[in-house]
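First the structure, in the form of structure tokens, and then the observations on it.
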Amino acid sequence: MDFISWLETLPADTVGKLYTSHWACQAVLRGLTSLAKQYVIRILFLDVPVATSVVDSWTLQSSKSKHTTAVNRLKGLQLLLPSTVPSKDGKAQAYILHPVFREQLRWAVSKGRNVGTDEVPSTVFDRAPSRDQLTQYAQQQWETLMLYLVGSVDRPPSPSPLIKGPKLDVDKILAGAHLMTGSKKSRSIQEQGFRFLLSDTYSQLWRLLRVYIATGEERSRAPLGTILNFLLQLGFRDVGSPFALAELDDIQRNIAGDMAQLGLIMPFSAKDGSLWLAPTRLALALAGGNSGQLQHEVTDGFIVVETNYRVYAYTSSLLQTAILRLFTRCECVLPNLFVGVLTRESISGALACGLNADQIVLYLRQHAHPHVASRTPVVPEVVADQVRLWQADTQRVQHNSAILYDDFPSPEVFRLSAQKARALGVWLWEDPKAGMGRLAVLESGHQAMREYIKSIK
Amino acid sequence: MGGPSKFKIKLPSFKPELAESIEVKESNKPAQEKPAKRVRKRKAPSPDEYIPVGAEIEGIGADDIEELSENEDEYYKLGAEDDEFKDYAALKLKPDHANRPLWVCPDGRIFLETFSPVYRQAYDFLIAIAEPVCRPECVHEYVLTPHSLYAAVSIGLNTQTIITVLNRLSKVQLPPEINAFIQESTGNYGKVKLVLHRNKFWVESPYPDILRALLKDEVIKKAHVAAPEGKSGFTVMAGLTEQAALDLTKEVEMAEVEEIADGSNPEPDAAAVDLGVAAAEALARAETTQRELHSFEIEPSQVEHVKARCLPGGLNYPMLEEYDFRNDTVNPDLNIELKPHVQHRPYQEKSMAKMFGNGRARSGIIVLPCGAGKSLVGITAAARIKKSVLCLVTNSVSVDQWKHQFKLWTNLQDHQISRFTSDQKESFAGVSGVTITTYTMVSYSGRRSEESARVMDEIASREWGLLLLDEVHVVPAQMFRKVIGIVKAHCKLGLTATLVREDERISDLNFLIGPKLYEANWLDLTRAGHIANVQCAEVWCPMTKEFYREYLKKDNAARRQLLYVMNPNKFQACQFLIQYHEQVRGDKIIVFSDNIFALREYAQRLRKPFIYGGTSHQERTRVLAAFKRSAEVSTVFLSKVGDNSIDIPEANVLIQISSHAGSRRQEAQRLGRILRAKKGKPGSQAADEFNAFFYTLVSKDTQEMYYSTKRQQFLIDQGYSFKVITNLLDAAGGANLQLSTRDEQLDVLAKVLAAGEEEAGVEVADVTDDVIRTKRALAQRTTGNLAKLSGADGLTYMEYDTGKAQKPRLTTKSGKMRHIMFRKHAQGKL
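Chains P and Y supply the protein sequences, listed in that same order.
So the number in the numbering used here is just where the residue sits in the first sequence, counting from 1, plus 156.
So the number in the numbering used here is just where the residue sits in the second sequence, counting from 1, plus 154.
Now the structure itself:
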């Protein structure tokens with residue numbers, strides 16, 4: 157569940173309060189699907205409501221389902237509020253854009269600018285980490301977190317020594333997101349945790365941050381807006397452009413410390429000893445929305461899946477290796493190559509962990525090596541089909557509780573009962589040749605059947 | 155990945171029979187490496203048992219499965235135990251690894267990137283020194299074996315070159331194990347050659363020290379013919395350099411130097427410069443060291459002893475045999491020239507270059523996919539050597555085809571080509587010529603007719619320049635020994651499409667014929683348009699209720715195969731496919747069935763001609779001719795006899811309704827029937843469009859599922875993919891299909907259940923009694939019919955059922971031996 161889906165679940169007034177920040181408004185806009193985005197932009201500068209009939213006429217009949225999804229989402233986010241417009245026969249249903257959101261977004265569109273464009277002294281820039289350092293830092297912190305989740309390392313990512321303050325309780329967040337149970341020595345990954353591992357960074361990040369925000373609220377009794385706003389604002393900063401820790405208030409400083417631990421920002425000290433923070437690429441994902449994220453995933457792809465079920469992954473990352481080993485049988489590991497095979501057993505194992513075939517195929521596709529990313533389909537069709545067939549195989553047998561009737565008083569009663577069972581839709585099996593006939597029905601139909609049989613006896 | 159707190163998750167609990175059917179192979183690793191609890195042997199699957207839904211469906215080599223949880227107590231660990239896979243992460247990666255195309259593992263495995271700029275050169279080199287394991291699109295896998303290295307040495311690569319070039323291509327530092335392995339495997343190979351030169355036998359080597367060492371041996375000393383001019387001097391002559399080998403290494407070096415020169419980085423770093431220098435040095439070395447050849451003559455009568463003495467058991471300098479045909483003045487030349495219009499494809503030229511790398515002919519095997527022009531390679535070799543040729547093939551139909559090929563590509567006339575089969579016993583006119591015959595004709599040990607004996611004498615008495623061995627993979631080793639014992643040939647060239655490597659026969663072939671000289675990549679050939687682009691599909695046909703009930707019954711064990719082959723849903727799928735391809739696409743279709751009962755039943759119901767072992771030669775020729783020419787006959791049903799060598803270039807659709815258990819080779823051979831490059835249909839220009847179709851129909855939830863996965867392995871390794879079609883008949887919809895009513899289906903079922911046991915089985919009556927009797931084949935019912943000697947009779951497949959189903963068929967139910975007359979009677983009933 158990402159940022160947008162989460163917002164939908166919040167009460168209307170909380171969301172309303174959130175919209176007082178133009179950062180939040182922009183982040184919401186970015187997170188929308190392109191159709192919904194288009195609708196918002198269309199009515200952004202309208203001061204009057206738009207009749208529902210007009211909105212409904214914006215798409216062709218063939219795209220009705222997309223239209224409905226988009227409108228429902230906008231309604232769910234409180235962006236489209238019900239209203240009315242005068243019409244021939246009195247008043248007609250209409251939509252109006254959330255007034256606060258409208259004002260904030262209008263402001264952002266016409267006057268807004270990026271955060272972090274304030275002057276930064278050159279003494280700070282000299283010490284600022286390079287892009288590579290940032291990427292490496294972000295990767296290291298984030299991967300350690302994931303490895304901690306799967307149990308390959310014993311410690312969560314370490315907090316930055318530069319920022320003083322309470323440490324982030326990683327266990328609590330992971331448990332809160334239902335990814336892990338227990339803590340420290342006795343932890344174990346949950347079914348959802350495996351699915352989590354396969355999802356993209358954007359979704360992963362928001363899943364954790366949701367919990368972080370919720371627990372953060374309890375902890376600091378800060379209103380919801382504070383934490384979220386800070387995070388969203390962070391998302392709009394340029395990667396690597398530093399901002400001073402001194403400018404932040406206490407709550408924000410704590411959050412910054414926590415984010416540094418997760419790898420979203422990298423702290424460093426300038427020559428004069430002042431502390432500065434540089435957002436990493438991970439922070440971009442905060443307000444990036446799904447679409448932005450996918451693009452960078454493609455360039456980072458490393459997996460080649462062959463028609464002979466072999467998986468070659470150009471990686472030396474422990475995390476990626478660990479994830480791949482969830483559903484492949486590892487053949488050998490070379491310094492920068494992982495060789496595995498998708499087998500019936502490895503897939504069954506993954507299915508038993510709560511993954512499903514589509515997630516596995518999606519993961520392989522999303523992380524395809526640039527060399528194969530352009531071919532269609534990215535994951536050979538046979539392999540994708542086979543993974544799904546293996547899954548289908550595990551679902552071939554269906555269990556139903558059933559009731560077996562025999563000892564019918566006469567073949568006629570049997571015949572009528574079978575008929576009745578069919579009519580009720582609970583018929584499973586019959587054998588007219590055994591004695592006076594035998595009949596099996598779903599347990600759910602037992603009551604009705606018993607009464608019926610009694611009635612005709 | 156260390157760390158004490160590995161979390162644990164439960165693996166799904168397999169159903170007992172599922173777990174039972176998963177074959178566990180004890181790996182080479184010592185057992186104590188694994189926790190004792192986990193080493194639990196399970197019963198190997200027997201094809202006899204019902205195996206649910208292809209329980210052993212497996213990506214790669216079912217044998218590789220090592221450990222599987224079998225009950226709920228077992229845990230699966232995310233960071234798996236170290237002994238469960240090979241961890242080579244410690245290998246040192248070279249700084250410029252991105253420019254290099256391959257990884258070399260300490261266990262001899264090599265992974266090659268096909269998208270590397272030096273792929274083509276690296277491929278040519280690897281194919282010379284390693285066995286290809288699988289060659290799909292992006293990453294190929296090879297393995298270094300003693301045999302493959304032997305082959306490398308025999309085409310003229312030396313130990314140092316192999317190591318240097320391999321190291322240069324590798325992304326990782328060459329592991330010391332590999333270095334040692336190559337040294338050990340190639341150290342003595344190829345150092346000494348036995349050359350027939352001006353009709354004298356010479357022991358030849360570029361290293362005089364080795365010759366001196368050899369001469370110290372008593373046996374060799376005795377055989378030595380002392381040179382007149384000096385006491386211990388060797389004859390020194392300038393040998394031609396090993397062109398093919400040199401090309402290989404040179405190409406790699408050139409490509410790399412180029413790569414560095416026009417690579418993205420303008421200033422080559424130190425490593426790159428080193429590389430260039432090393433390349434130049436290696437080149438210079440290669441040019442000078444190969445020039446001088448030392449040799450001494452030995453007595454022709456002692457050749458066998460000298461050869462035996464040099465084998466690993468003795469002096470351990472195995473001799474390579476070469477034929478200096480240009481200087482052979484004793485055997486008369488054959489006036490054979492390729493016709494001027496003949497053009498070779500690049501891979502055909504490459505294989506020729508390997509064979510004639512140093513101006514002499516060396517014996518060996520060339521592996522090309524079916525339909526890629528193997529015959530032309532053989533014929534070109536013959537035209538290069540220009541001596542008498544004996545050509546051995548598998549059956550009389552292909553004898554005719556080879557004769558046709560010789561006439562098509564060369565200037566040879568009818569009188570220069572003789573055929574020796576049970577029907578035709580010809581001999582060529584003149585002192586030299588080409589004789590084409592079958593393996594069985596030559597190796598037959600029983601009494602021969604006078605005429606046949608005369609031709610055999612001619613064959614045995616002649617010194618052949620070239621012995622061409624077609625489809626070497628089908629012939630058992632004993633038969634080869636016999637043939638090679640009878641026929642005296644200077645050079646032996648084996649041709650095959652599928653050298654399936656897991657059988658032990660490969661090592662026999664290696665020493666009986668010679669090393670593998672060349673193996674083409676199927677996928678590359680497909681891309682280049684030399685062979686057809688085939689869409690492979692596995693069609694799942696659910697068993698009908700009635701058939702499945704009978705299938706599960708214990709007392710129907712013998713009829714199981716027939717039951718799943720005759721499955722009405724399968725029949726309908728087959729009918730639908732035939733209708734679709736005949737009517738919609740206008741294709742030519744072959745339907746294969748190993749089961750004669752099913753073959754007859756299907757063919758008769760669909761009113762199509764069929765050919766099986768019992769079909770006469772004339773009838774076969776007639777049907778095939780009609781299939782080739784007539785628009786009326788677009789479908790033909792074939793039994794096993796059609797697997798090999800029957801050349802039907804017109805066919806482009808193949809439907810397989812029953813097959814020989816898990817034989818990977820049969821699958822590949824059958825695919826070969828439709829591989830010959832097809833002309834694109836007008837209007838379809840796309841290069842990657844499929845122009846041939848291969849369907850395997852399998853009955854769901856039967857043994858067939860298991861077998862078919864196994865069978866496809868070879869082709870999957872070659873880069874083919876099998877699309878699974880689960881709902882063909884849903885798509886068929888309103889098509890007018892037979893057997894769609896329950897009554898019709900029950901009729902068929904009754905017929906199946908009434909079928910005699912021998913009818914229900916596979917076609918075995920085909921195998922000739924006297925020649926091909928491998929240990930297990932003894933248990934098969936055979937008819938010792940001499941008339942069939944000429945048929946496609948020399949066929950055996952390596953994989954046999956090992957289960958209890960394999961009751962000796964020579965005996966009846968009561969356990970008595972069947973009298974020959976009853977066998978004949980049963981045959982008549984067929």
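Here a beta-carbon is modelled for each residue, glycine too, at the ideal position from N, C-alpha and C.
None of the values given here were measured: they were computed from a predicted structure.
Under 8 Å from the C-beta of N492(P): neighbouring residues of chain Y: By Cβ distance, chain Y contributes L247, H251 and K325.
Using a Cβ cut-off of 8 Å, which residues of the segment 719-732 of chain Y contact any Cβ in chain P, in chain order? Within the segment 719-732 of chain Y, contact with chain P at the beta-carbon level (separation under 8 Å) is assigned to no residue.
Report the rounded CA-to-CA distance for A623(P) versus T240(P), giving the unit in angstroms. As shown, chain P starts at 157 and ends at 613. That puts residue 623(P) outside it, with no answer to give.
For a contact meaning CB atoms closer than 9 Å, what does P536(P) contact in chain Y? In chain order: P290, E291 and S875.
Just verifying my parser: in three-state terms, what is the DSSP assignment at E446(Y)? For E446(Y), the secondary structure class from DSSP, reduced to helix, strand or coil, is strand.
Give a yes or no on whether 8 Å exceeds the smallest Cβ distance from T225(P) to chain Y. For T225(P), the nearest beta carbon of chain Y is not closer than 8 Å to its own beta carbon.
Whose Cβ in chain P lies nearer than 8 Å to the Cβ of F265(Y)? Y468, L490, L493 and V495, listed in chain order.
Which bits of chain Y does E164(P) rub up against, with CB to CB less than 9 Å? Neighbours of E164(P) on chain Y: none; closest Cβ ~32 Å, over 9 Å.
Does any residue of chain Y bring its CB to less than 8 Å from the CB of R594(P)? Taking CB atoms only, R594(P) has no neighbour in chain Y less than 8 Å away.
Could you give the residue range of the alpha helix (DSSP H) that holds R714(Y)? DSSP places R714(Y) inside the alpha helix (DSSP H), whose first and last residues are R714 to V719.
Could you pull out every residue in the same chain whose Cβ sits closer than 7 Å to the Cβ of I612(P), ignoring the five residues on either side in sequence? Within the same chain, I612(P) has close Cβ partners V569 and L572.
Between the Cα of P277(P) and the Cα atoms of V210(P), A579(P), S209(P) and A426(P), which residue gives the shortest distance? Comparing Cα positions, the closest option is A426(P).
Is H555(P) buried or exposed, if buried means 16 or more other CB atoms sit within 10 Å of its CB? Exposed, by the Cβ-count rule.
At what residues does the alpha helix (DSSP H) containing S209(P) begin and finish? From DSSP, the alpha helix (DSSP H) with S209(P) extends over T208 to D212.
Excluding five sequence neighbours on each side, which residues of the same chain lie with their C-beta closer than 7 Å to the C-beta of E413(Y)? Summary for E413(Y): the model assigns pLDDT 49, below 50, so the residue's position carries little reliability; its value from the coordinates is reported in the next sentence. Only N253, P271 and V272 meet the Cβ criterion.
Mark N312(Y) as exposed unless 16 or more other C-beta atoms lie within 10 angstroms of its C-beta, in which case mark it buried. N312(Y) is buried by the Cβ-count criterion.
Using 10 angstroms around the beta-carbon of W263(P), count the other beta-carbons present and answer buried if the total reaches 16, otherwise exposed. Classification for W263(P): exposed.
So for G457(P), helix, strand or coil by DSSP? Secondary structure of G457(P) (DSSP, three-state): coil.
Own chain residues within Cβ distance below 7 Å of V538(P), not counting five before or after: Excluding positions up to five away in sequence, the list reads T463.
May I have the straight-line CA-CA distance separating Y242(Y) from V297(Y), to the nearest angstrom? Taking the CA atoms as reference points, Y242(Y) sits about 16 Å from V297(Y).
Check the C-beta distance from H448(Y) over to S359(Y) and give it rounded, since I have them as a contact under 8 Å. Contact between H448(Y) and S359(Y) holds, since their C-beta atoms are separated by about 6 Å, short of 8 Å.
So what's R480(Y) in DSSP terms, helix, strand or just coil? Here R480(Y) carries a helix assignment [DSSP, helix/strand/coil].
Any idea what DSSP makes of S266(P), helix, strand or coil? In this structure, S266(P) counts as helix in the three-state DSSP scheme.
Could you tell me which chain P residues have their CB closer than 7 Å to the CB of C645(Y), listed as they occur along the chain? The premise fails here: C645(Y) is roughly 36 Å from chain P at the closest Cβ pair, so nothing lies under 7 Å.
Quick one: what does DSSP say R594(P) is sitting in, helix, strand or coil? Looking at R594(P) - three-state DSSP - the assignment turns out to be strand.
DSSP three-state label for A643(Y), please. Assigned with DSSP and collapsed to three states, A643(Y) falls in strand.
Counting only beta-carbon separations shorter than 8 Å, does F847(Y) have a partner in chain P? No, F847(Y) does not count as interfacial toward chain P.
Just to make sure I have the definition right: I need the residues of chain P whose C-beta is within less than 8 Å of the C-beta of V878(Y). Which are they? Near V878(Y) (Cβ distances below 8 Å), the residues of chain P are V538, D541, Q542 and L545.
If you count every other CB in all the chains shown that lies within 10 Å of the CB of H684(Y), and 16 or more means buried, which is it? H684(Y) is buried by the Cβ-count criterion.
Just to check my reading of the structure: V543(Y) and L622(Y) have Cβ atoms closer than 8 Å, yes? What is that Cβ distance to the nearest angstrom? Here V543(Y) really is in contact with L622(Y); their C-beta atoms are around 6 Å apart, less than 8 Å.
Please report whether the beta-carbon of N464(P) lies at a distance below 8 Å from any beta-carbon of chain Y. So, interface residue.
Contacts around W298(P), its chain only, beta-carbon distance under 8 Å, and the 5 residues preceding and following it disregarded: Cβ within range, chain order: P313, T357, L418, G419 and L438.
Would you decide whether P523(Y) is buried or exposed? Buried here means 16 or more other CB atoms lie within 10 Å of its CB. By the neighbour-count definition (other C-beta atoms within 10 Å, threshold 16), P523(Y) is a buried residue.
Element boundaries [beta strand (DSSP E), containing D587(P)]: Looking at the DSSP string, the run of the beta strand (DSSP E) that includes D587(P) is W583 to D587.
With a threshold of 8 Å between beta carbons, is V150(P) in contact with chain Y? Residue coverage of chain P in this structure runs from 157 to 613, which leaves residue 150(P) outside it and unanswerable.
Where the alpha helix (DSSP H) through E985(Y) begins and ends: Look at the range of chain Y in this structure, 155 to 984, and you will see that residue 985(Y) is not part of it.
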